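Below is one structure, written out as structure tokens; comments come after it.
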Amino acid sequence: MNIDLNKFRETFFVEAEEHLETMESALLTLETTPDDPELLNQIFRAAHTIKGASSTFGVEEVSRFTHVLENLLDRLRAGELTATPDLLELLLNATDVLTALIEAEKNQTDLPEEKEDVLQRLKIANGMDADHQEDEAAVESDAAPTDSLEYRIKFVPSENFFRFGLNPLLVIEEIDELGEVTACIPDLRQLKPFPAMNAESCYVAWNIEFEGAVSKDKLLEVAMFFDEETVFDVTPVNPPAPEPQTDPEPQPAAAAPPAAAQGEEAAAAPPAAAPKAKKAPVKVKDSVRVDRERLDNLINQIGELVIGTSMVEQEWYRDNQHAESAALNQLGKIVRDLQEMSLSLRMVPIAATFQKMARLVRDLGKKLDKKIRFETEGEKSELDKTVVDKIGDPLLHMVRNSVDHGIETAEERLAAGKPEEGRVCLRAFHQGGNFIIQIEDDGRGLNREKIFAKALERGLVSEGDKLSDEEINGLIFQPGFSTAAAITDVSGRGVGMDVVRRNVEALQGSISVQSTTGKGTLVTIRLPLTLAILDGLIIRSNQQVYVIPLLSVVESICPSKKDIKKILGKGEVIQLRGEVVPLLRLNSLLAVRGEPVPVDTNSLLVIVEDQGRKFAISVDELVGQQQVVIKNLETNFQKVPGMAGATILGDGRVALILDVNCLGTLKASTPSHGNNADAETNGTAPKLINQSDIPETSDGSPKPAEDGSNSVAPAASDLSSDLQKETNQ
Amino acid sequence: MSKTVLVVDDSTSMRQMVSYTMEELGFDVIEGVDGQDALGKVSGQKLDLVITDLNMPNMDGMTLIRNLRAEDSYRFIPILMLTTESQAEKKQEGREAGATGWIVKPFDPEQLTKVVNKVVR
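In order, the protein sequences belong to chains A and B.
Residue numbers for the first sequence follow this note's numbering, so the first one is 562 and each next one is one higher.
Residue numbers for the second sequence follow this note's numbering, so the first one is 14 and each next one is one higher.
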């Protein structure tokens, strides 16, 4: 039978990675509680499993490395070695090397260079000579004889034979398969009267005559599992030599076949009774591994189902204006429940991501010679896996910033009256339909003056500008911004924060910073719970419908004409309870074809908020509020600035989802809309995407026009500069 | 009627490999991720063979073997342990717990088949 082991290799790699995470996590915890036996066991078991599986699946390098590591860990948990900080450091390094080894094996790339070095150190720590090679198990080569030989086998199963799950009949069959059993004579001398016998004991023995082209050792292999009391004597019958009489007293089958002795090392000390921590019985979660793609497809399809159901509902209510359909209501409920369930399939706790940070803080803190305590809260909070995967890098950067720039050295802290040990905390929780991650440190905080000075230097602000704290802190998100006096190789290159913000925004999230100079910094990242659906406000502007994410909406108002002012050089604004809020004309901003509707008392304004700034968006109608299924514009069509995606409404219309954040940026880069709202409608305005421009293919998905006449949406920077150019006319 | 084997190992890849091999041999397979899980799955179930790893969380192989042997239905079925060559003393302990035999890791499906054929037909 030829079984291909390759299919199991995949699983092995996934599994090994999980075990390595467990090891790292446990090792880190061990640094604070070095004597926890359960942790030691955990680490050993993880390494042991990797060792066993890797050799089974032919991942040799990993197996060899883990072998040495495992020995070390075994001695550690047996109490033969103490978990000194140096040893833990070595073990952590070993875990890193192992991770790299696994990656290399998985991707068939070069092995990590540190491997040999760490391996030697492991061996030394284990008390072995640096180049001591573990004795490879001696393989007995069975020289099979060519001629058929005769043997006499005396087989006396012990009384307990059956209790080991052994079956004498199978033994005889096994012998028969090696050649031929020419005679099989039971020896019934041990049988007693029935009442005196135990039905579970064996009282029968056999004398077997055998012929076959096999060696004595091969025959003895049959007895591999026999207990010590069982007799299995194999005597060659050599016609020329006189037959040695079978011994009357049974010889214990201690002549264990060499095969069984293979690789056995005399156990130096019996395994130390690692106290089995008496825990409450843990309920083992029964789970199924599902291919990621299948999951995504399922969720996607359920999204389609939601859309389809809306369409059915729409059709019904169009034809049956006043009638309720109980069946439709029922269906709607079921479909929405289904959607919620499907989205939860992809939810995973953020714990693993947070754990990665623990290692970083420790290593970095050591390197920079700072004492830092790392804490996490809300690790178990769950989030869509797609988001979790992508939030790792931004988080890493933030934590790095905290450790590098935020937390001061021990001396500085003491001088400032702070505890010597700095604190970096990662917090996660749900709030109002969002997932919030906070990175908090009690370091030196953002320096307002420094930031302002830097911004001045870069021309982002002018001398007399008065900026709120929020705005000052917001400046650090500008590309290339860094107030670090020196660029360390850790951070300070100034390429971080804007990338972080972009990454967060790509996940439809937002990021903000709060800080008190001298006391610390708090970065808050707000993420949607899932990227698949959105609660939206449907609005109409001219003939187009759009969706504004409900979370960004503050309120909608019907302004009176006198509240709307025009400010020279800044465009229109509205006065809202004493606050001055810039006004955006959706029509103008997006250059939608059709006459712009002048703002008057009957017009509606939707007030939205983005990163602390408010905007008023002028719309023609509030169509409704509903949960929409987000369809990715990029994959179905192309990236469109100002739009976060698209959706299909119940009536089949495509509605673009406004990216409020982007609108705000667009607004900021167009300082002047001129005095006349009509200026934007002249033909030089860049022609952006109109839903009606997007031709539909037969399956209903949009495709770009073949002749290319559909003008490509320019990049955001082009857009704003075009708008700029245009309004400067 | 086909025979049933209980395969217990906390390593998914190992478990899958063993299960697959056993299925190819015509067995029905019940899988357990550790001793406790395995016990929960087999109460009253007819078993013809057990293959179990030793190092597992929640309940290790040795304890599982003892628990199985304590049940009437499983007192005489063959139980195989998956061991590594560094666990020599485990063979003795296993014997005392009632194990039938062992398979040394690393092993491939052919080796597994050979050992299985020794103890169950």
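Note that the Cβ used here is the ideal one computed from N, Cα and C, for glycine as well.
Quick caveat: nothing in here was measured; it's all calculated off a predicted structure.
If you count every other CB in all the chains shown that lies within 10 Å of the CB of residue i, and 16 or more means buried, which is it?
i          : result
His609(A)  : buried
Val1030(A) : According to the sequence shown, residue 1030(A) is Asp rather than Val. The residue is exposed, with fewer than 16 neighbouring Cβ atoms inside 10 Å.
Met758(A)  : exposed
Thr593(A)  : exposed
Glu738(A)  : exposed
Phe573(A)  : buried
Pro747(A)  : exposed
Cys1119(A) : exposed
Pro646(A)  : exposed
His991(A)  : exposed
Gln1069(A) : buried
Counting only beta-carbon separations shorter than 8 Å, does residue i have a partner in chain B?
i         : result
Thr617(A) : yes
Ala757(A) : no
His609(A) : yes
Glu582(A) : no
Arg724(A) : yes
Glu734(A) : yes
Thr660(A) : no
Val614(A) : Here residue 614(A) turns out to be Ala, not Val, going by the sequence shown. It does; some Cβ of chain B falls within 8 Å.
Glu576(A) : yes
Leu566(A) : yes
Leu731(A) : yes
Leu727(A) : yes
Arg606(A) : yes
I think residue i touches residue j, with their Cβ atoms under 8 Å apart; what is that distance to the nearest whole Å?
i          : j          : result
Leu52(B)   : Leu77(B)   : 7 Å
Val1189(A) : Ile1094(A) : 7 Å
Tyr1107(A) : Ala1216(A) : 6 Å
Ser942(A)  : Phe996(A)  : 7 Å
Gly1203(A) : Leu1219(A) : 7 Å
When the cut-off is 8 Å and only beta carbons count, does residue i lie next to chain A?
i         : result
Asn80(B)  : no
Met35(B)  : no
Gly114(B) : yes
Ser86(B)  : no
Gln29(B)  : yes
Phe40(B)  : no
Gly111(B) : yes
Ser32(B)  : no
Val21(B)  : no
Val132(B) : yes
State the start and end residues of the unbroken beta strand (DSSP E) segment that holds residue i.
i          : result
Gly1097(A) : 1094 to 1102
Lys1126(A) : 1125 to 1128
Pro980(A)  : Per DSSP, Pro980(A) belongs to no beta strand (DSSP E) and is neither H nor E.
Arg934(A)  : 933 to 938
Pro521(A)  : Residue 521(A) cannot be examined here, being either before or after the span of chain A that is shown, 562 to 1290.
Gln1188(A) : 1182 to 1190
Asp41(B)   : 41 to 45
Gly74(B)   : From DSSP, Gly74(B) is part of no beta strand (DSSP E) but of the alpha helix (DSSP H) over 74 to 82.
Tyr1107(A) : 1105 to 1110
Tyr878(A)  : It is not in any beta strand (DSSP E) - Tyr878(A) instead sits in the alpha helix (DSSP H) that spans 853 to 880.
Met1204(A) : 1204 to 1209
Arg750(A)  : Arg750(A) -> no beta strand (DSSP E), and no H or E assigned at all.
Taking the alpha helix (DSSP H) that residue i belongs to, which residues open and close that run?
i          : result
Asp597(A)  : Taken as a continuous stretch (DSSP letters only), Asp597(A) belongs to no alpha helix (DSSP H), as it is neither H nor E.
Ser1149(A) : 1147 to 1150
Val948(A)  : 946 to 962
Met94(B)   : Element bounds for Met94(B): not the alpha helix (DSSP H) but the beta strand (DSSP E), 92 to 97.
Arg682(A)  : 675 to 686
Ile895(A)  : 887 to 906
Phe771(A)  : Run containing Phe771(A): none in the alpha helix (DSSP H); it sits in the beta strand (DSSP E), 766 to 773.
Check whether the Cβ of residue i lies closer than 8 Å to any Cβ atom in chain E.
i        : result
Ile64(B) : No chain E appears in this structure, whose protein chains are A and B.
Would you check if the segment 880 to 891 of chain A and the segment 917 to 930 of chain A touch, i.e. whether three or more CB-CB distances between them fall below 8 Å? The segment 917 to 930 of chain A, when compared against the segment 880 to 891 of chain A, does not touch it at the 8 Å Cβ threshold.
With three or more C-beta pairs closer than 8 Å as the rule, is the segment 1203 to 1217 of chain A touching the segment 866 to 879 of chain A? Touching, yes.
Contact between the segment 996 to 1009 of chain A and the segment 1068 to 1083 of chain A is defined here as three or more beta-carbon pairs at a separation below 8 Å; is this criterion met? In short, these stretches touch, since the Cβ pair count reaches three.
Three or more C-beta pairs below 8 Å linking the segment 69 to 89 of chain B and the segment 109 to 123 of chain B: As far as the Cβ criterion goes, the segment 69 to 89 of chain B touches the segment 109 to 123 of chain B, which means the pair count is three or higher.
Taking 8 Å as the threshold, find out whether the segment 711 to 725 of chain A comes into contact with the segment 765 to 780 of chain A through three or more Cβ pairs. Flag = yes, the segment 711 to 725 of chain A and the segment 765 to 780 of chain A touch.
Counting pairs of Cβ atoms below 8 Å between the segment 900 to 914 of chain A and the segment 941 to 956 of chain A, do you hit three or more? Short answer: they touch.
Is the segment 674 to 683 of chain A in contact with the segment 645 to 665 of chain A, if contact means three or more CB pairs nearer than 8 Å? Taking 8 Å as the limit for Cβ pairs, the verdict is that the segment 645 to 665 of chain A does touch the segment 674 to 683 of chain A.
Tell me, please, whether the segment 22 to 38 of chain B touches the segment 59 to 67 of chain B by the rule of three or more beta-carbon pairs shorter than 8 Å. In short, these stretches touch, since the Cβ pair count reaches three.
Any contact of the segment 613 to 628 of chain A with the segment 18 to 32 of chain B, i.e. 3+ C-beta pairs under 8 Å? Result yes; three or more Cβ-Cβ pairs closer than 8 Å.
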